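So the sequence lines, in the order shown, correspond to chains A and B.
In terms of the numbering used here, the first sequence has 235 at position 235, counting the first letter as 1, and numbering is strictly consecutive.
Just add 1000 to wherever you are in the second sequence, counting from 1, and you've got the numbering used here.
Glycine included, each C-beta is placed from N, C-alpha and C at the ideal position.
Fair warning: this is a prediction, and the values are worked out from it, not measured in the lab.
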Amino acid sequence: MISADIIQIIIYFTLLVALAVPLGLYMHSVFEGKQRWLKPIEGILYKIIGTDPEKEQRWTKYALCVLGFNLIGFLLLYAIMRLQHILPFNPADMGALSPDLAFNTAVSFTTNTNWQAYGGESTMSYFIQMMGLTVQNFVSAATGIAVAVAVIRGFVRKQMDTLGNFWVDLVRCTLYILLPLSFVAALFLVAQGVPQNLDPYATATTLEGAQQTIAQGPAASQIAIKQLGTNGGGFFSINSAHPYENPTPLSNLLQMLYILLIPVAFCFMYGRMAKDMRQGIAIFGAMAIIFVAAFSGTYLAEKAGNPLIADEISQMDGNMEGKETRFGVVNSTLWGVATTAASNGSVNSMHDSYTPLGGMIMLFLIMTGEVVFGGVGAGFYGMLLYVVLTVFLAGLMVGRTPEYLGKKIEGREVKLAVLAMLSMPVGILGLGCLSAVLPIGLESMQDQGPHGLSELLYAYSSATGNNGSAFAGYGAGTFYQNTMLGICMLLGRYAFIIPMLAVAGSLVAKKQTPPTSGTFPTHTTLFLGLLIGVILIVGGLTFFPVLALGPIAEHMAMLKGTTF
Amino acid sequence: MSTMTKEMSLLDPALVVPALKQSFVKLNPAKLIKNPVMFVTAVVALLSTLYTLTGAGGVDQGILFQITLWLWFTVLFANFAEALAEGRGKARADSLRGVKKETVAKKLPSLDSNDWREVSAPDLKQGDIIYCEAGDMIAADGEVIDGIASVNESAITGESAPVIRENGGDRSSVTGGTRVVSDWIKVKVTQKPGESFLDRMIALVEGAQRQKTPNEIALTILLVGMTIIFLIVVATLQPFAVYSGTSIPMPYLLALLVTLIPTTIGGLLSAIGIAGMDRLVKANVIAKSGRAVEAAGDIDTLLLDKTGTITFGNRMADEFFPLSGVGAEELARVAYLSSLSDNTPEGKSIVELAKRKYHITEGQHKRPVAEFIEFSAQTRMSGVNMEDGSEIRKGAEDAILKYVQTQGNVSSATISQCRIIVEKIAKSGGTPLVVTKDKNILGVVYLKDIIKPGIRERFATLRKMGIKTVMITGDNPLTAATIAAEAGVDDFIAEATPENKLAYIREEQAQGKLVAMCGDGSNDAPALAQSDIGLAMNDGTPAAKEAGNLVDLDSDPTKLIEVVMVGKQLLISRGSLTTFSIANDVAKYFAIIPALFLTAYPSLSALNIMGLSSPQSAILSAVIFNALVIIALIPLAIRGVNYKPMSASDLLRRNLLIYGLGGLIVPFIGIKLIDMILVAIGVA
C-alpha cells in the first residue's frame, strides 16, 4: 500500500521535473523576446495598450503599470459582479453580489488569491465566470509572472536601470505560455469528461425520487487556467473534489502537474537567466527538499489517522475524513501540500478535516510565504527575498559584504526585504488577532478551542499569502471578514511586490563582482541547507506561539483524548 | 604602539571601573535610541519596573522583581560591553592627548627669514612656516621645505629609533607631536587647526566620531526589522491567548519580547565595531574612517610594490659570469675594486661575494685608487679610476655598451656573448651588472632579488581568501614575470608608471572588483586615491598620506594583509553573533511558550522539553540567560571571532557549526542550568 503510494509520488515528481525543465527554457526564450510566432497579435495588443515594446521601464514605472493594470482589472470585475443581474449569460438568473462580497472577490481574483467567499454554481453567472474570473485567472497569473521576471532581471542584469516593459512581459506571458498550455489542458479535461458548455443547469430525479439540480457550464477552460496560474478558484463550490471539476485519476494527475508546473519551471528559467544553471538548481533543490519533507509529514500524519475514533471507524487507510475515497490519502495529501506550497487555492479534500499536524504543515507552508515553488512568479520572488536574507547573514559570516550573483546586498536591499517580510505577520497576526477577540470577528467562528483558532489562522494566512484555499469550517462570508480578508489579500500581494521590485531596481544598477574563492558560493548544498534553515527559522519564530495555541494544542489534546 | 600602552587585560580595574560607571551614564535615552534593540529593552525594563512598583502585573512580586532586575542588567551589560571597548581606546587617546598639550611653535614670517616668534600650536594655520631645531616638538603636521633633521616619532609610532626628514623626495612629511633630535628643518603647515593627524588619531581611538559602517547600518536595519516582527508576535499573542481562554500577565509578555528580540547582537554590535578599530590601531594603522576598514574585508585585488614588500629592498650579488677568456677570479677582482667605494647595498654585496667566494681581500690590492666615479643618472655607471690610468666601470648593459662602443674596439662576438649572459640573468629574475676594465667587457655580475621569506605562503593564504595579488615593479616584463612566479603573485605590472598603475586599478574596478594598494611617494597619490583601500606609509609624502584612507605608522607595506584580516574579522564577528542570537530564540520559545499557556492547555507542557521546574522559573531563567549571554560574549566581541584564512565555504561551514548549531544548543543547556540553580537557591 505504502510502496504503491511511493511509486505514485515518484512518477508524479519525475513527470513534473521532466515537463518543467523544457518549459523553463522555453519561458526564458519567451521573455528574451525570441518567440515570435504570434508576432502579429502581439503587435496589435501593443498598439491597443499604446506601448512601445522596445522601450523598457525603471522599477518605479514597472510597479506603477502593475498597480494601474490591477486597479482597472479590479474595478471592472467589481462592476460586472455588482451588475450581474442585468448582464447576459445568466441562465440561473442570479442576482447582483453584495458590495462586500464583490469587493472581496474582485480583490481575490486580481491578486491571484482566488479566495472564494461564495459558492460558484450558486452565485456566479456564466458571464462572470468567463469574462470576469477566467480573464483574471489569466492576467493575475501573468502579472505575478511578469513581476517575478522583472525582479529576476534586477538580480542578473549588470549596471542597467530598467527591469523590462510590464506590458510586453504581460502580453508575452499570456500569449506564449498561459494560453497554449491552458488550451491543451482544457481539451484534455473535456476528454476526461469535464463539462464545457453554456447550458442551463440540468435537473435530475434521483433514485429516491428527489429533485436534484446539476450545475454545469464552461468549466474545463476555467479549470485549466485555475491550476496553471496557481489561482485555484473553483468553478463549483467544492472545487476539485467535485466530480465535474476533477472526474478521473488522469484529470487529477494533470491538474496536480499543472499546479506546480510553472513554479518549478521558474527555477530553470532563472538558472538560464542568471547564465548559471547551478543557481536555479540550488533554489529548486531547497524548494524540493521542503516540499518532500512537508509532504512526508502530512502523509504520515494522515496515514496514522485519528486514534480517538479508531474503534468506530477503521483508520487502516489513514484519516479519510473529508477525503474522496477515489483519491485516498496519498493523492489528497499530495494535492493539499502542492496547493499550499504553491499558493493555489484549489482543493480535492477538505483541509479542515486533516489531523492537527497534517493541517499545521499545510498552514505553515502558507505562513512562510508560499515560497516552496509558490504561486506563479510570486513564489519565486518570495524565495528571492529569503535568498537575500540568507545571503546577508551568510555573507557576513565569511567576512565580506554579502553578495548574491556578484551583487552587493546592502542597507537599502535589507531595508526593503525586511519591509516585504513584514506583510505576512501583519496580515496573519495583526489582522487575524482582531477576529479572535472582536465580537464581529468571532461571529465567523464555527468551532471551539484550538481547532477554531486553526481555522481562523488558515483563513488569514490563505488571504495574506494569496493562496485562496479555505480550511472550511470558518464562516468567512460576513461583511467584516470579506472586508478584512480583502485587505489581507491586498497587503500580501502589493506590500510584497512593491518592495521586491524596489530591491530589483536597486540591484539592477549595481556592478557584478566576479566570484573568487572568498565569495560565498550560492549553489552548494551548504547554501541550500542554510536557505532552508532561514525559511524554517524565520517562519517558525514568527508563528510558533500561535501554532502552539492552534494545531499543536489540538494535537496534544488529541493524544490525551480531547476533541474540539 | 606597543611602547606606549601595554595590551590591557579585559579585567584590568583601570578599564573595568570606568566602564561600570559608563554603563549607567549610557542609560541616557538620547544615547540609547541610537541602538534600537537596546532602547526597546530599556523601555520594557522601565515598564516592568512600573509593574513591580505598583504590583499591577498580576504575577508573583518576587519573580517580577527578579525579572525586572535582569532586564535592567541586560541593558547595563550591553552598555558595559560598549564602554569596555571604548575604554581601551580611551587609554590610548589620553596618552596621545598628553603629547598634544604643551606644544609651542616657532613661526617664521617667510621661508628665507630666520626670525621666528613663538606662537601656540592651536593658532597655526595652513600654509604657515615653522622652524624646528634639535629638542623642539614639531607643532603641526606639515611638509619639510628646507633643511634636514632626524626626528623621533616614537610618540606616534612607538618606534624609538629616529628617522630622517628632509625637503624634497619621499621623506618630507612630518607629524605634529614628534620631536626633532638633531639639526633643523623648516616646515610648512599642511593641516587645518584641530584636524591634525594626532587629532584624528585621538578621535579614532576614542570612537568619538565613530560613524556606523555600511554593513553595520544594514545589519542594524535587519535587527530593527526582527524587533518589529517580534513586537507584532508578542503584541498579537494576548488576543489569541484571550481567545484560548487565558490571559498572559503583561510582565511575562514583556519578558518574552526581550528574550526574542536580538539583544545579544544588538548589545554587542557597537562593541564589535569599536574593538575592530582598536585592533587596527594596535597594529599601528590609522584608518580615516571605519568604512575603509570594513571595505578592506571585501578586497578582491591587492597591489603590492615589489621592492620592500615582496623582495628585500636591495638586490644581492649572487654570482660572477665571466666572458670566455676571462677568469672568474679576475672578474671578481675587478668587480670588487669597482665596488670598494660603492656604499649602495648592491655594491657592498659584490664586495661580500668576492670575499666569500674568491677570498679576495683588500690587502691584495696595493694599487692605489685615484678616483671614485659615483653612480649618476646620466651615465648610469659607477666605478673607479686607478692611479695606473686604468678605468673600471660597472653598470646596466645598455649604458656599458654605449660606453665601450665609444672606443669602437669591441668585437661583435663579445657583445653577443655578453648579451646572452645578460638575457639569461634577466630571464631568471635577476639584474645583470656588466663589468668593464679599460672599456673591455670582462663579464657580468648577477644581482639577485631576494624574495622575503614567508611571503609566498602569505600570498597562498590570500589566494585562499579569494584575493588576487598583483606585484608592481619598475623591472622589465621578463624579470617581473620571473620574480612574480617565484613569489607566487597572481599578476604583475612591469615597468610601472603612475599612469599604468592607475589604469590597472580602473580596469579591475570596472569588473566590479575592490582594489587595495599601498604607496608612499607623491606619484602614488593618484592611484592611492583611486583605489578603494589606499594604505599610505607614514614616512611618505603628505600628498600620499592625504590620498590614502589608511596610514601605516610603521611604514610596512605588508600591513595591508593585516588590515584585510581585521576587516574580515569585523564582519565575521557581526554575522556570527547575529546567527547565534537568532538561533538562541528557538530554545527560549521552548522555555517560555509552555509556561505561558499552561493554564489554557495543560497538555502543552509536552513542549517543556527542558523539564523546567515551574512556569515562573522558566521565564526567569530565559531572561537571566539572555542577560548573561551578553556578558559571556564580551571577550569574543572585543577580541573578534577567531579568523583563519580559508575558503568562503569552509569558513561558513565552520562558523555555522559553531555559532549556528552552538546557538541552537547552548541556550537549552544554559536555561536548564539556570533553572536548576534558581530552584536550588530557592528564589523561584
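Short Cβ contact (9 Å threshold) for residue i with residue j
i, j, result
"Leu1076(B)", "Ser1023(B)", "yes"
"Tyr26(A)", "Ile152(A)", "no"
"Ile1272(B)", "Ala1083(B)", "no"
"Gly550(A)", "Ser469(A)", "no"
"Asn331(A)", "Glu321(A)", "no"
"Trp1184(B)", "Gly1142(B)", "no"
"Ile1232(B)", "Val426(A)", "yes"
"Gly379(A)", "Ser435(A)", "no"
"Asn466(A)", "Thr113(A)", "yes"
"Ile1572(B)", "Val398(A)", "yes"
"Ala417(A)", "Gly1575(B)", "no"
"Leu261(A)", "Leu189(A)", "no"
"Val1180(B)", "Glu1133(B)", "yes"
Beta carbon proximity, residue i to chain A, threshold 9 Å
i, result
"Thr1005(B)", "Residue placement at Thr1005(B) cannot be trusted, given a pLDDT of 42 that sits under 50; the coordinates are not used to answer."
"Ile1671(B)", "no"
"Ala1622(B)", "no"
"Ser1002(B)", "In this prediction, Ser1002(B) scores a pLDDT of 38, lower than 50, which makes its location untrustworthy; the coordinate-derived value is nonetheless stated afterwards. Closer than 9 Å: no."
"Asp1585(B)", "yes"
"Ala1292(B)", "no"
"Thr1578(B)", "yes"
"Leu1633(B)", "no"
Residue-level contact to chain B via CB, residue i, 9 Å cutoff
i, result
"Phe520(A)", "yes"
"Thr513(A)", "yes"
"Phe89(A)", "no"
"Met556(A)", "yes"
"Glu410(A)", "yes"
"Val17(A)", "no"
"Ser353(A)", "no"
"Ala476(A)", "no"
"Thr562(A)", "yes"
Contacts of residue i in chain A (Cβ-Cβ under 9 Å)
i, result
"Leu1656(B)", "Ala394, Met397, Leu526, Gly529, Leu530 and Gly533"
"Met1381(B)", "In chain order: nothing, as chain A lies at least about 46 Å away."
"Tyr1589(B)", "Gly540, Leu541, Phe544, Pro545 and Ala548"
Residue i: contacting residues in chain B (beta-carbon distance under 7 Å)
i, result
"Thr401(A)", "Asn1215 and Asp1298"
"Pro545(A)", "Val1233, Leu1237 and Ile1593"
"Val414(A)", "Ala1218, Ile1221 and Leu1222"
Whole-number beta carbon distance between residue j and residue i, since they are thought to touch under 8 Å
i, j, result
"Lys1427(B)", "Thr1482(B)", "6 Å"
"Leu396(A)", "Thr1263(B)", "About 18 Å separates the two Cβ atoms, so there is no contact after all."
"Pro195(A)", "Tyr244(A)", "6 Å"
"Glu443(A)", "Thr478(A)", "6 Å"
Closer than 8 Å at the beta carbon, the chain A residues around residue i
i, result
"Val1242(B)", "Ala436 and Val437"
"Lys1513(B)", "Thr513 and Pro514"
Listed by chain order, chain A residues near residue i by CB distance under 7 Å
i, result
"Lys1464(B)", "Ser517"
"Gln1126(B)", "Those do not exist, as Gln1126(B) stays about 36 Å from chain A at its closest Cβ, beyond 7 Å."
Proximal residues of chain B, C-beta to C-beta of residue i below 9 Å
i, result
"Leu422(A)", "Gly1225, Ile1228, Ile1229 and Ile1232"
"Gly492(A)", "Correct list: empty, because the minimum Cβ distance to chain B is about 15 Å."
**Q.** the stretch 167–183 of chain A contacting the stretch 144–158 of chain A, beta-carbon criterion three pairs below 8 Å
**A.** yes
Q: Inspect the CB distances between the stretch 1422–1435 of chain B and the stretch 1444–1454 of chain B and report whether three or more fall short of 8 Å.
A: yes
Q: Say whether the stretch 1300–1312 of chain B touches the stretch 1463–1478 of chain B, bearing in mind that this needs 3 or more beta-carbon pairs closer than 8 Å, one atom from each stretch.
A: yes
(Q) Closer than 8 Å is the cut-off here; do at least three beta carbon pairs connect the stretch 482–502 of chain A with the stretch 407–424 of chain A? (A) yes
Q.
Does the structure place the stretch 504–523 of chain A close enough to the stretch 1623–1635 of chain B that three or more beta carbon pairs sit under 8 Å?
A. no
**Q.** Three-pair Cβ contact test at 8 Å for the stretch 1510–1521 of chain B versus the stretch 1544–1564 of chain B
**A.** yes
Q) Should the stretch 154–162 of chain A be regarded as contacting the stretch 123–140 of chain A, the criterion being three or more beta carbon pairs within less than 8 Å? A) no
Q: State whether the stretch 1012–1028 of chain B contacts the stretch 1613–1624 of chain B, with contact taken as three or more CB pairs (one from each stretch) at a distance under 8 Å.
A: no
Q. If we count Cβ pairs, one from each stretch, closer than 8 Å, do we get three or more for the stretch 199–214 of chain A versus the stretch 248–260 of chain A?
A. no
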